[in-house]
Ligand code: SF4
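In the numbering used here, the protein residues as written are 945 to 1178.
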């Protein structure tokens, strides 16, 4: 209960990706991540030493101020909010937000399933790391997610090229063949640094998805289309 939260920023914006795109929400961005995706668009959140340690009371007041009583959806993001260094602070934050009537979602890097958090929250955005991220994919967390949390999850995969697309197709086939797959799977076209739009890449991914007849959902990151790929906290 007395945990300090290592925070990068707290802000109100609109969900820009995935199946809840377009929904106003408050983002609580934790500072610190050691996963190291090479195409990460928030590298400023990596260093655990760069955050501001805030009390839970302070964080809650900020959320309530931004909420204006109407925006009742909070996304816990990062950085990696599921890193063990954040775990107990996140659990306490989720507890207090739930008692205040907020809907709470989490951005999960896909490397860990933390039951103590996943059991409490309302929705899980679960990343499947593709080859272009350079992060080695581990099946075990995904299988656990499907087993325990399929009713309140989406899978998201950043797609940079055909190699990424082939990887998610192969993975889908391996899961589908054991009849375990019932979760929306969103493909997010990657933006290169400084790229102003990803139209050609998105067209390619749409074509591959249509030809594959796997029920992926190709959804652009709306905030990048509107504000540009380098703008953060929007
Ligand atoms: S897990 Fe998220 S914050 Fe961490 S490196 Fe990957 S994209 Fe960036």
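The beta-carbon is built from N, C-alpha and C at its ideal position, and this holds for glycine as well.
- Of 1070, 1159, 966 and 960, the smallest CA-CA separation from residue 1176 is found for 960.
- According to DSSP, residue 1132 shares a beta bridge with 1102.
- Residue 956 and residue 1010 do touch by the CB rule: their CB atoms are close to 4 Å apart, below 8 Å.
- Per DSSP, residue 1083 is one residue of the alpha helix (DSSP H) stretching across 1083 to 1093.
- By the C-beta density criterion, residue 1157 is exposed, having fewer than 16 other C-beta atoms within 10 angstroms.
- Setting aside the 5 residues that flank it on each side, residue 1052 is surrounded in the same chain by 1026, 1068, 1069, 1070 and 1071, each with a C-beta closer than 7 Å to its C-beta; the list follows chain order.
- Three or more beta-carbon pairs separated by less than 8 Å link the region 1095 to 1106 to the region 1127 to 1134, which places the two stretches in contact.
- Judged by DSSP in its simplified three-state form, residue 1056 adopts coil rather than helix or strand.
- Under the three-pair Cβ rule at 8 Å, the region 1102 to 1113 counts as touching the region 1140 to 1159.
- When the beta-carbon positions are compared, residue 1018 and residue 970 come within less than 7 Å of each other.
- In this structure, the straight-line span from the alpha carbon of residue 1032 to that of residue 1058 is close to 11 Å.
- Ligand 1 has no heavy atom closer than 6 Å to the beta-carbon of residue 1108.
- With a threshold of 6 Å, the Cβ atom of residue 1134 does not count as near ligand 1, since no heavy atom of the ligand is closer than that.
- Close CB contacts of residue 1178 within its chain, under the 8 Å cut and outside five residues either way in sequence, are with 957, 960, 1167, 1170 and 1171 (chain order).
- Residue 1156 carries a helical assignment under DSSP once its states are collapsed to helix, strand and coil.
- Cβ-Cβ separation between residue 1102 and residue 1146: approximately 12 Å, too far for a contact (criterion under 8 Å).
- A Cβ-Cβ separation of about 6 Å places residue 976 in contact with residue 995 under the 8 Å criterion.
- About 4 Å separates the beta carbons of residue 1022 and residue 974, which is inside the 8 Å limit, making them a contact pair.
- Relative to residue 1066, the option among 1138, 1104 and 1038 whose CA is nearest is 1038.
- What you get when you keep residues with a C-beta closer than 6 Å to any heavy atom of ligand 1 is 977, 979, 980, 981, 984, 986, 989, 1022, 1023, 1024 and 1053.
- The three-state secondary structure of residue 1066, taken from DSSP, is coil.
- Annotation: residue 1013 to residue 1046 spans about 10 Å, alpha carbon to alpha carbon.
- Its chain contains 1107, 1108 and 1111 as the residues whose beta carbon lies nearer than 7 Å to that of residue 1075, once the 5 sequence neighbours on both sides are disregarded; these appear in chain order.
- Bounds of the alpha helix (DSSP H) holding residue 1042 are 1031 to 1043.
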